[in-house]
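Numbering (this note's numbering), first residue to last: 1 to 439.
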């Protein structure tokens with residue numbers, strides 16, 4: 001590369017953060033990239049056509065040069081990166097994905113990016129995200145890129161039914177249950193709390209990242225603990241005070257817009273339309289806390305470079321450009337993924353996004369926060385693990401089955417799945433060298 005003779009790698013990165021990258025002159029790296037030649041960026045993110053096009057526009061603004069943005073499903077993504085690295089024929093210079101997409105590739109299939117996070121530590125990546133990016137080692141294998149999460153949303157009319165002395169920004173699970181009961185009674189015995197329990201809803205993430213970590217401190221290792229039994233019994237009581245149609249909800253913003261639900265929990269992208277007509281009448285809040293703390297799930301994405309990738313200096317400059325605060329705010333505007341670097345949220349963002357951004361930040365920064373992740377390393381078999389949590393819900397909560405016998409039986413399913421997949425634990429369970437298993 002021409003710049004290598006006159007600029008150091010650190011100088012290249014600093015230039016990208018300060019003023020954007022310089023002009024790129026290289027040709028196509030070998031992928032079919034929707035008509036775009038230049039640096040190839042392979043990603044599992046922003047796969048819908050409209051999201052991908054908005055992100056391509058962002059790339060053109062943030063980086064002065066051609067970048068071919070190619071999307072992939074997670075399973076083929078991991079296989080493709082591994083096979084190309086192993087064959088010494090890597091074509092993508094930058095890859096982007098969830099923590100669960102990238103962590104299994106470290107350290108054998110990713111370049112060491114410790115220098116980037118070291119040189120630009122002032123950007124303010126959260127320490128817990130940098131710890132994840134080390135994937136159990138003392139080196140950094142990806143740069144935290146963007147994040148999403150799940151939060152509570154409530155119409156202001158529902159706030160009058162909060163338990164005496166309760167703070168909506170710092171609820172406990174007991175207070176959430178009391179709130180749901182009081183609000184139901186005040187609404188002619190019609191529940192106002194809704195959860196996304198339909199076939200396409202994300203209720204399993206509530207169990208994996210919120211309920212069980214808050215009650216047990218873990219997701220897998222504590223799956224059959226006495227505290228887990230208590231959590232499922234609590235869930236049975238909470239569900240009795242949920243809108244019955246919750247078993248059909250794929251996302252909460254539609255029933256909230258329609259007035260069927262005035263308190264709900266969901267992924268931020270599935271809540272964003274609820275306050276659209278009356279943003280001043282809605283609140284977004286952290287999820288409740290339990291006996292072990294405030295479990296929350298971070299949908300964390302990262303940027304990495306495959307080992308042996310071409311054009312690595314330019315790849316590093318692209319990663320640096322995408323880490324700039326203004327670029328991350330542009331990504332928030334475009335595709336509603338929140339910054340991982342420290343930056344104020346502009347006042348001119350849509351009200352719903354401002355509400356969500358505040359709730360996501362308060363949730364992560366709250367006292368006793370317990371970071372949880374979607375399953376890591378299972379690839380195409382992740383759905384089998386999610387089914388376990390849904391089966392527990394169906395048996396214990398919907399059918400009134402015994403919580404102890406149910407978690408004991410499902411624990412055997414979990415252990416067999418993880419043994420077959422040979423994956424270590426992920427947050428909040430302690431990561432170790434061995435295979436993750438239910439204690």
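Built from N, CA and C at the ideal position, the CB exists for glycine as well.
Computed from a predicted structure; not experimentally measured.
Option in the options with minimal Cα separation from residue i
{"i": "residue 376", "options": "49, 247, 403 and 106", "result": "106"}
{"i": "residue 355", "options": "191, 273 and 114", "result": "273"}
{"i": "residue 259", "options": "94, 101 and 155", "result": "155"}
{"i": "residue 374", "options": "362, 383 and 328", "result": "383"}
{"i": "residue 392", "options": "197, 275 and 138", "result": "197"}
{"i": "residue 138", "options": "123, 385, 118 and 124", "result": "118"}
{"i": "residue 333", "options": "403, 49 and 57", "result": "57"}
{"i": "residue 104", "options": "378, 420 and 209", "result": "378"}
{"i": "residue 111", "options": "348, 129, 282 and 133", "result": "133"}
{"i": "residue 426", "options": "372, 189 and 420", "result": "372"}
{"i": "residue 365", "options": "297, 257, 120 and 335", "result": "297"}
{"i": "residue 59", "options": "187, 94 and 322", "result": "322"}
{"i": "residue 386", "options": "203, 401, 301 and 421", "result": "203"}
{"i": "residue 141", "options": "349, 412, 302 and 61", "result": "302"}
{"i": "residue 168", "options": "86, 362 and 200", "result": "362"}
Cβ-based neighbour list, residue i, same chain, cut-off 6 Å, excluding 5 preceding and 5 following
{"i": "residue 90", "result": "84, 306, 308 and 309"}
{"i": "residue 207", "result": "389"}
{"i": "residue 227", "result": "215 and 216"}
{"i": "residue 34", "result": "Residue placement at residue 34 cannot be trusted, given a pLDDT of 40 that sits under 50; the coordinates are not used to answer."}
{"i": "residue 284", "result": "151, 153, 355, 356 and 359"}
{"i": "residue 238", "result": "177"}
{"i": "residue 62", "result": "321 and 327"}
{"i": "residue 412", "result": "none"}
Same chain only: Cβ atoms within 7 Å of residue i, ignoring 5 sequence neighbours per side
{"i": "residue 26", "result": "In this predicted model, residue 26 has a pLDDT of only 30, less than 50, meaning its place in the structure is not dependable; the value taken from the coordinates is given anyway. Correct list, in chain order: 38 and 311."}
{"i": "residue 4", "result": "Here residue 4 scores only 32 on pLDDT, less than 50, and its place in the model should not be relied on; the value that follows carries that caveat. So the qualifying residues of the chain are 313."}
{"i": "residue 116", "result": "13, 143, 316, 319 and 320"}
{"i": "residue 329", "result": "339, 343 and 346"}
{"i": "residue 158", "result": "183, 192, 262 and 263"}
{"i": "residue 368", "result": "289, 293 and 294"}
{"i": "residue 229", "result": "403, 404 and 407"}
{"i": "residue 440", "result": "Because the chain here runs from 1 to 439, residue 440 falls outside it and cannot be looked at."}
DSSP bridge partner residues for residue i (one or two, in chain order)
{"i": "residue 370", "result": "295"}
{"i": "residue 284", "result": "153"}
{"i": "residue 94", "result": "41"}
{"i": "residue 147", "result": "300 and 338"}
{"i": "residue 266", "result": "151"}
{"i": "residue 290", "result": "293"}
{"i": "residue 68", "result": "40"}
{"i": "residue 172", "result": "289"}
Rounded Cβ spacing between residue i and residue j (contact assumed at less than 8 Å)
{"i": "residue 145", "j": "residue 68", "result": "Incorrect: roughly 18 Å between the Cβ atoms, too far for contact."}
{"i": "residue 81", "j": "residue 109", "result": "6 Å"}
{"i": "residue 286", "j": "residue 352", "result": "With a Cβ gap of about 17 Å, residue 286 and residue 352 do not count as contacting."}
{"i": "residue 73", "j": "residue 114", "result": "About 29 Å separates the two Cβ atoms, so there is no contact after all."}
{"i": "residue 124", "j": "residue 341", "result": "5 Å"}
{"i": "residue 205", "j": "residue 438", "result": "Contact doesn't hold; Cβ gap of about 19 Å is too wide."}
{"i": "residue 335", "j": "residue 55", "result": "6 Å"}
Sequence-distant residues of its chain with Cβ nearer than 8 Å to residue i (five each side left out)
{"i": "residue 429", "result": "218, 219, 220, 221, 222 and 436"}
{"i": "residue 211", "result": "173, 231, 234, 235, 290 and 295"}
{"i": "residue 244", "result": "191"}
{"i": "residue 52", "result": "46, 69 and 71"}
{"i": "residue 247", "result": "197, 198 and 398"}
contact_flag[the segment 150–166, the segment 261–268] where n(CB pairs < 8 Å) is 3 or more: yes
Sufficient close CB pairs (3 or more, under 8 Å) joining the segment 178–189 to the segment 162–170: yes
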